[in-house]
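S.K.: Note that my numbering gives residue 181 to position 178 of the sequence shown, counting from 1, and the numbers run on in steps of one.
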Amino acid sequence: MKQIVGNGGWPGLIRDVLFSLFGSMLVGLAVAVFTIPNDIAPGGVSGMATALAAVSPIRVGVWTLLLNIPLLLAAWRLQGPHPLAMTLIATVLLSFFIDFFDSLLPGYTNNPLLAAVFGGVLTGLGVGILFLRGISTGGTDLAALLLKRLFPNIPSGTLLLFVDSAVVAFAVCVFRDIEVALYSAITIWVSSKVIDALAQGVDYAKVIYTVTERGEEVCRALNRNTERGSTLIPAQGGYTGGEKQMVVTVTRQRALAQTLRLIRETDPRAFTFVVNSTEVHGEGFKLDE
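Here you go:
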């Protein structure tokens, strides 16, 4: 039971379930309201399910579940019990929400381009929320994980692109309409951008490097006036050969101006440069569970 609950314990499990519920609901809404009514196959299992549902009496939600079952079984050895259990929960929830919204809400068919864009936005939000907790809805991310074993030198993103492209090509053959590929490509692109933006928005931070002769004073100022710690590294001036220190600290964007002002006030002659970090692990940022 401890393996299923995971390292985060029951609080982490509850967060995983809530994220699975909300993320799957957004993806299900996107598929039911925007992509299915416009015959858009946005890659992945949902895109394959949309195409198969058009040539069979089986609903999209049921096809989504059926296509994910062999992937989940094949991925059992690649994932621990907890992430695989959460993926299974998200997969079942997605199948439920697709059919739920399909029967509850009218599909949007006035403008296929708008449907492709908004379908991509909602899909990206839903998948991005799931990815924040290391959860997937099955489908192409699990397929890419399996293919990674066979082709370890190919990047995972490239494998995902190959799988999604194959799904879109299949959908074009089913619907016999090249516009399916064009609108599907828009949905896939928008979705990927939203996922990246969501991931960077959560973990995005600024790394500040300061070369100074008053390193201990700068560290004290940062520790006293900000919520972030700092690291002091011995350094030597390459031109002068003088002894210096490098102060390294990481902060959020909203606190960047305050941090830079503290450094300038402590040592007006300090040399400071700032770089972006798209992911930070540790106290005050993202804690691994």
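Ideal Cβ placement from N, Cα and C applies to all residues, glycine included.
Every value quoted in this text rests on a predicted model; they were computed, and no experiment measured them.
Can you give the Cα-Cα distance for A35 and S233, rounded to whole angstroms?
M.R.: Here residue 35 is taken as the residue at index 32 of the sequence shown, counted from 1. Here residue 233 is taken as the residue at index 230 of the sequence shown, counted from 1. For A35 and S233, the distance between alpha carbons rounds to 49 angstroms.
S.K.: Output the distance between the C-alpha atoms of V175 and L201, rounded to the nearest integer angstrom.
M.R.: Taking the sequence shown and counting its residues from 1, the one referred to as residue 175 is at position 172. Taking the sequence shown and counting its residues from 1, the one referred to as residue 201 is at position 198. Computed Cα separation, rounded: 30 angstroms.
S.K.: On a Cα-Cα basis, can you pick out the residue from L263, T254, A273 that is closest to S280?
M.R.: Mapped onto the sequence shown, residue 280 falls at position 277. The residue with the shortest Cα to Cα distance from S280 is T254.
S.K.: Tell me the rounded alpha-carbon separation between Y186 and V124.
M.R.: Along the sequence shown, one-based indexing puts residue 186 at 183. Along the sequence shown, one-based indexing puts residue 124 at 121. So the two alpha carbons sit approximately 13 angstroms from each other.
S.K.: From M51, L128, L107, Q239, pick the residue whose C-alpha is nearest to that of L29; which is it?
M.R.: Locating residue 29 in the sequence shown gives position 26, counting from the first residue. With distances taken between Cα atoms, L29 lies closest to L128.
S.K.: Can you list, in chain order, the residues of its chain with a C-beta nearer than 6 angstroms to that of V277? Leave out the 5 residues immediately preceding and following it.
M.R.: One-based indexing of the sequence shown puts residue 277 at position 274. Counting only Cβ-Cβ distances below 6 angstroms, and skipping sequence neighbours, we find K209, I211.
S.K.: Q248 lies in the alpha helix (DSSP H); which residues open and close that run?
M.R.: By one-based count along the sequence shown, residue 248 stands at place 245. Careful: Q248 lies outside any alpha helix (DSSP H), inside the beta strand (DSSP E) at 246–254.
S.K.: For L108, which of helix, strand or coil comes out of DSSP?
M.R.: As a position in the sequence shown, residue 108 is number 105, starting the count at 1. The answer is coil: DSSP assigns L108 none of H, G, I, E or B.
S.K.: Is the region 46–64 touching the region 92–107 in the sense that three or more CB pairs, one from each, lie closer than 8 angstroms?
M.R.: Short answer: they touch.
S.K.: With DSSP run on the structure shown, which of helix, strand or coil describes F274?
M.R.: As a first step, residue 274 is located in the sequence shown; it is residue number 271 there, counting from the start. Of the three classes helix, strand and coil, the one that applies to F274 here is strand, per DSSP.
S.K.: In whole angstroms, give me the CA-to-CA distance for R231 and L259.
M.R.: Taking the first residue of the sequence shown as position 1, residue 231 is located at position 228. Taking the first residue of the sequence shown as position 1, residue 259 is located at position 256. Their Cα atoms are separated by approximately 11 angstroms.
S.K.: Let me confirm a value: K196 is counted as buried when at least 16 other C-beta atoms fall within 10 Å, else exposed. Which label applies?
M.R.: In the sequence shown, residue 196 corresponds to position 193, counting from 1. Exposed, since its Cβ has fewer than 16 Cβ neighbours within 10 Å.
S.K.: Report the rounded CA-to-CA distance for F297 versus A273, giving the unit in angstroms.
M.R.: In the structure displayed, the chain extends from 4 to 292; residue 297 sits before or after that span and is not available.
S.K.: Just how far apart, CA to CA, sit S194 and A77?
M.R.: Looking up residue 194 in the sequence shown gives position 191. Looking up residue 77 in the sequence shown gives position 74. Roughly 26 angstroms between the two C-alpha positions.
S.K.: According to DSSP, is A172 part of a helix, a strand, or is it coil?
M.R.: Counted from its first residue, the sequence shown places residue 172 at position 169. Three-state DSSP puts A172 in a helix.
S.K.: If you draw a straight line from the C-alpha of Q239 to the C-alpha of M249, how long is it?
M.R.: As a position in the sequence shown, residue 239 is number 236, starting the count at 1. As a position in the sequence shown, residue 249 is number 246, starting the count at 1. Approximately 9 angstroms between the Cα atoms of the pair.
S.K.: Please say whether I92 and S23 have beta carbons closer to each other than 9 angstroms?
M.R.: Working through the sequence shown from its first residue, we reach residue 23 at position 20. Working through the sequence shown from its first residue, we reach residue 92 at position 89. In this structure, I92 lies closer than 9 angstroms to S23 by Cβ.
S.K.: Is it the case that the Cβ atoms of T252 and T229 are separated by a distance below 9 angstroms?
M.R.: Within the sequence shown, the letter at position 249 stands for residue 252. Within the sequence shown, the letter at position 226 stands for residue 229. Yes, the Cβ-Cβ distance between T252 and T229 is below 9 angstroms.
S.K.: Does the beta-carbon distance from A57 to F178 come in below 9 angstroms?
M.R.: Here residue 57 corresponds to residue number 54 of the sequence shown, with the count starting at 1. Here residue 178 corresponds to residue number 175 of the sequence shown, with the count starting at 1. In contact: A57 and F178 (Cβ atoms closer than 9 angstroms).
S.K.: Using the C-alpha atoms, what's the distance from V48 back to V65?
M.R.: For this step, residue 65 is matched to residue 62 along the sequence shown. For this step, residue 48 is matched to residue 45 along the sequence shown. Taking the straight line joining both Cα atoms gives about 11 angstroms.
S.K.: If you follow the beta strand (DSSP E) that A238 is part of, which residue opens it and which one closes it?
M.R.: Start at 1 with the first residue of the sequence shown, and residue 238 comes out as number 235. That run of the beta strand (DSSP E) goes 234–239.
S.K.: Between I138 and D19, how many whole angstroms is the CB-CB distance? I'm expecting something under 8 angstroms.
M.R.: The sequence position of residue 138 within the sequence shown is 135, counting from 1. The sequence position of residue 19 within the sequence shown is 16, counting from 1. Right, the Cβ-Cβ distance comes to about 6 angstroms (below 8 angstroms), so this counts as a contact.
S.K.: Taking 9 angstroms as the threshold (C-beta atoms), are A44 and T126 in contact?
M.R.: For this step, residue 126 is matched to residue 123 along the sequence shown. For this step, residue 44 is matched to residue 41 along the sequence shown. For T126 and A44, no; Cβs fall outside 9 angstroms.
S.K.: Under 9 angstroms, do T190 and I266 count as touching if we go by C-beta distance?
M.R.: Residue mapping note: residue 190 aligns to position 187 of the sequence shown, counting from 1. Residue mapping note: residue 266 aligns to position 263 of the sequence shown, counting from 1. The answer is no: Cβ separation not under 9 angstroms.
S.K.: With a cut-off of 8 angstroms on the beta carbons, I'd call G26 and L150 a contact; round off their distance for me.
M.R.: As a working note, residue 26 is residue 23 in the sequence shown. As a working note, residue 150 is residue 147 in the sequence shown. Contact doesn't hold; Cβ gap of about 24 angstroms is too wide.
S.K.: According to DSSP, simplified to helix, strand and coil, what is T229?
M.R.: For the purposes of this step, residue 229 is taken as residue 226 along the sequence shown, with counting starting at 1. Three-state DSSP puts T229 in coil, outside helix and strand.
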